[in-house]
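The sequence shown begins at 3 in the working numbering and counts up one residue at a time. Each residue gets a CB set at the ideal place from its N, CA and C atoms; glycine is no exception. Here the structure is a predicted model, which means the values were calculated and not measured.
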Amino acid sequence: MKINIIYLLLLPMFFSCKNTKEAVSENAVNYRPAYHYSPEKNWVNDPNGLVYLDGEYHLFYQYNPFGDKWGHMSWGHAVSTDLQNWEELPVALPEIINDDGTKEGIFSGSAVVDSLNTSGFFEPGFKHGLVAIFTANITKGEEQLSQNQSIAYSSDKGRTWKYYDQNPVLDIGLKDFRDPNVMWWPSEQKWIMTVVKPLEYIAQFYESKDLKNWTLMSEFGKMGDTTKIWECPALVKVPVEKSEEGKWVLIISSGYKTEGFVGMQYFVGDFDGHSFTPQKATGVLSLDHGKDFYAAIPFNGLPNEHKKPLIIGWINNWTYAGDIPLQGSRGTFSMARQLSLTEVEGSYVLVQTPVVSDAILQENLNLTAADFSNNKVLEMPTNSYGLNLAIDLKNLDSFKISLLKNENEECLLSYHKESEQLTFDRTKSGKVDFQADFPSIEQMTVTPNNGKLTLSIFVDNSVIEIYGDGGKKVMTELVFPTKSSGKILFSK
Ligand code: FRU
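This is how it looks when you write it as structure tokens:
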């Protein structure tokens with residue numbers, strides 16, 4: 003088998019995973035991904051406070067330090083120098099227990115490098131202070147009382163934190179008001195927060211000079227997908243491919259195209275430091291066409307050599323997140339994805355490119371109709387690899403690719419040239435019956451280029467990320483195979 007060194011190197015990286023100590027499935031198969039981060043144990047959901055500081059990428063995340071189900075929400079913490087190998091650190095922001103019996107869960111939010119010490123939290127001239135802006139979810143007993151925006155700060159690269167003693171910094175008296183995402187707006191030397199009123203499908207934009215006092219500037223919402231509440235908003239400037247231009251993209255975690263599930267949508271438009279104006283109506287733009295990509299946010303503080311913003315998402319879906327067949331450790335994150343925009347039929351759409359090191363087993367294959375007629379087979383030594391496929395569609399009206407194939411078990415990708423539909427069927431992918439809504443078939447349109455279809459497929463024990471047409475279409479899905487290795491079978 004040929005192992006090819008491939009493209010997409012952001013930094014010189016050598017792959018070794020600090021993340022593989024124990025298998026996490028209920029049976030002998032290891033479901034812990036090898037090149038996707040998941041903490042050693044316990045529950046995780048959304049990525050939080052993605053920020054780069056002094057050579058380290060910080061990944062904070064919703065974390066229950068006490069078990070593998072959602073609860074006691076705190077910020078877990080991992081750092082990486084290459085976005086591939088993550089080192090888990092102690093809990094950064096623990097749940098707060100107040101004297102009056104109320105508790106403050108540390109819900110989702112963001113982190114910024116306050117290099118000008120606008121907050122006044124740091125020694126004069128200190129340029130490396132981190133400020134986390136998060137939602138405090140106030141409860142008493144079983145009752146949820148309110149949500150406000152609060153802050154904490156760190157002078158030691160996120161290793162230890164202090165909660166601001168005058169919290170909250172923004173409270174509008176709502177029970178649902180959350181997930182602040184803050185960025186710096188250099189021309190007015192101010193911070194901008196995007197935050198949602200989830201039940202109203204509204205994102206609000208606030209400004210502040212010091213991260214402590216916030217003023218409402220404008221609102222945007224009640225557009226696009228409103229089948230589910232809006233969560234985890236983020237506004238990010240994204241370069242347009244083959245131009246010097248950039249556009250603003252508002253990403254929102256909300257509904258999925260199959261009603262009842264959560265997913266992510268985005269709006270492309272302009273932002274002038276005060277309000278967001280979307281491009282002309284495009285219908286709902288999905289960030290990911292699989293069921294398992296949610297709550298993604300961008301990194302703050304990226305150095306200039308990153309020409310494109312980077313996001314990381316949570317690989318799961320609230321419909322079955324608590325039921326997936328893992329014990330002790332429940333939850334993982336996507337690879338970091340670079341974002342750019344390209345124009346398709348007069349509108350801008352996102353292009354996502356994963357950050358992939360050359361140490362992941364990669365197959366680069368040019369396939370023709372004959373490979374599918376002859377039922378080409380690849381025996382894969384593990385369930386963790388990447389495939390870069392260029393498929394010549396001449397004499398090929400449709401084809402199938404079975405991943406993780408063992409007898410009747412498979413994750414089945416199929417493509418129809420005429421309809422341009424790529425279908426992913428996980429109904430026979432192994433363990434599927436732990437929750438009635440898990441077995442499912444998803445679809446996305448992938449357009450060939452000069453008669454060739456390009457697909458990059460990343461399989462990682464329980465995660466599959468599929469990038470079609472150079473990243474214009476992406477699908478992320480969880481699977482739970484019952485064998486620790488399987489074939490790849492190409493057929494018609
Ligand atoms: C999104 C979310 C956020 C919230 C967090 C709580 O998955 O519901 O809105 O802050 O999870 O864990």
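In the DSSP annotation of this structure, the continuous segment of the alpha helix (DSSP H) that includes Ser375 starts and ends at Ala371 to Ser375. Pro450 carries a coil assignment under DSSP once its states are collapsed to helix, strand and coil. The C-alpha of Pro188 lies about 15 Å from the C-alpha of Trp250. Within the chosen limit of 7 Å, the ligand FRU does not reach the beta carbon of Ala94 with any heavy atom. The three-state secondary structure of Gly257, taken from DSSP, is strand.
Proximity of the beta carbon of Arg34 to the ligand FRU is not indicated: no heavy atom of the ligand is located closer than 7 Å.
For Asp394, the uninterrupted beta strand (DSSP E) run begins and ends at Ser386 to Asp394, by DSSP.
In this structure, Val53 places its C-beta atom within 8 Å of the C-beta atom of Val114. For Val240, the enclosing beta strand (DSSP E) covers residues Glu233 to Pro241.
For the options Gly285, Ser342, Thr447 and Leu480, the alpha carbon positioned closest to that of Asn385 is the one of Leu480. A residue is called buried when at least 16 other Cβ atoms come within 10 angstroms of its Cβ; Phe68 does not meet this threshold and is exposed. Setting aside the 5 residues that flank it on each side, Gln267 is surrounded in the same chain by Gly226, Asp227, Ile253, Ile254, Ser256, Gly257, Val286, Leu287, Ser288 and Leu289, each with a C-beta closer than 8 Å to its C-beta; the list follows chain order. Ile443 counts as exposed, since fewer than 16 other C-beta atoms from the protein chains shown sit within 10 angstroms of its C-beta. Counting only runs of 3+ residues, the beta strand (DSSP E) found wholly inside the region 57–130 occupies 58–66, 76–82, 89–95 and 104–115, in chain order. For Arg428, there is no enclosing beta strand (DSSP E), as DSSP marks it with neither H nor E. CA-CA distance, Glu409 to Pro483, rounds to 12 Å. Shown here, Glu467 sits in a strand according to DSSP, grouped into three states. Non-local C-beta neighbours of Ile403 in its own chain, meaning closer than 7 Å and more than five positions away in sequence, comprise Leu415, Ile490 and Phe492, ordered along the chain. Under the 10 Å beta carbon count, His418 is surrounded by fewer than 16 other beta carbons and is classified as exposed.
In the assembly as shown, Val270 is a buried residue. Its beta-carbon has 16 or more other beta-carbons within 10 Å. With contacts defined by Cβ atoms closer than 8 Å, Ala323 and Glu233 do not form a contacting pair. Per DSSP, reduced to three states, the secondary structure at Ser442 is coil, with no helix or strand assignment. Counting along the chain, the unbroken beta strand (DSSP E) around Ser342 starts and ends at Arg339 to Val346. Note on Ile153: 16 or more other CB atoms within 10 angstroms of its CB, so buried under the neighbour-count rule. Under the DSSP definition of a beta bridge, Ala138 partners with Ile108 and Asn150.
DSSP places Phe222 inside the beta strand (DSSP E), whose first and last residues are Thr217 to Gly223.
Note: Pro300 is bridge-paired with Ile313 in the DSSP secondary-structure output. At a Cβ-Cβ threshold of 8 Å, Gly388 and Leu363 count as neighbours.
In the DSSP assignment, Tyr54 is bridged to Tyr59.
When only Cα atoms are considered, Asn100 and Ser220 end up about 33 Å apart. By DSSP's assignment, Arg180 forms a beta bridge with Val198. Residue burial annotation: Ser421 is exposed, with fewer than 16 other C-beta atoms found within 10 angstroms of its C-beta. Bridge partners of Asp272 according to DSSP: Thr279.
Residue nearest to Ala236 within the set Phe222, Pro182 and Val31 is Pro182 (criterion: CA-CA distance). The closest heavy atom of the ligand FRU lies less than 7 Å from the beta carbon of Thr137. The Cβ-Cβ distance between Gly248 and Thr355 does not fall below 8 Å.
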